[in-house]
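Please read the structure below before turning to the comments.
Residue numbers (the working numbering): 319 to 541.
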């Protein structure tokens, strides 16, 4: 019925049954997917995530000895946070990029084998692009923060060393300045050009969880 309060229609239920024809959906179209690994590896410093998995009934084991392993992971690009919190969290969206790396895992690294009744829960929390993953809820926001930088006087010296070792780099630098007037006018941007090419550069958005894709014999303990 029309409402003089909302200026729209007001739905009032009269308690009488009514037969209606409704659409039926036989299947859902997949919008995101992820290949399930043999195991997920979580560095031991991420205790909140590890303990939350345990609270969901996930069996967690730990590396007994250090291991160097080839894993699949993600670089999470272009993070954007919602302007308002939801249930106390600022949800984040991003563009995931699959990467393959060799990582060193110390003893004590958490290992989540994907042979469990809770496999779907594990994937929902650890696959970053899942709608309710730890990343989406902001529990891994620190991977998007830049902490490291170089002092000007250090980068000045490093830039000159890099050019001395690779003279072509000077031509590339000058070309970059010619193509980007804002960079050319900004002291830090000019130094950052060289800093980004050093081993000290902090690679943002690298997901700390590794996916071991092939079955591998690992030295594991339960605690």
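We put the CB at the ideal spot given by N, CA and C, even for glycine.
Across the structure, residue 521 and residue 441 are spaced so that their CA atoms are roughly 25 angstroms apart. Residue state for residue 457 is assigned as coil, using DSSP reduced to three classes. DSSP places residue 336 outside both helix and strand once states are collapsed to three, so it counts as coil. The C-beta distance from residue 415 to residue 395 rounds to 6 angstroms, short enough to fall under 8 angstroms. For residue 324, there are no CB contacts under 7 angstroms within the same chain when 5 residues up- and downstream are skipped.
Note on residue 358: 16 or more other CB atoms within 10 angstroms of its CB, so buried under the neighbour-count rule. Taking 8 angstroms as the cut-off, the beta carbon of residue 407 is found no closer than this to the beta carbon of residue 364. Relative to residue 458, the option among 444, 470 and 469 whose CA is nearest is 444. In this structure, the beta-carbon distance from residue 532 to residue 428 does not fall below 8 angstroms.
Contact between residue 335 and residue 327 fails: their C-beta atoms lie close to 21 angstroms from each other, not under 8 angstroms. When secondary structure is reduced to three states using DSSP, residue 464 falls in the coil class, being assigned neither helix nor strand. Under the 10 Å beta carbon count, residue 528 is surrounded by 16 or more other beta carbons and is classified as buried.
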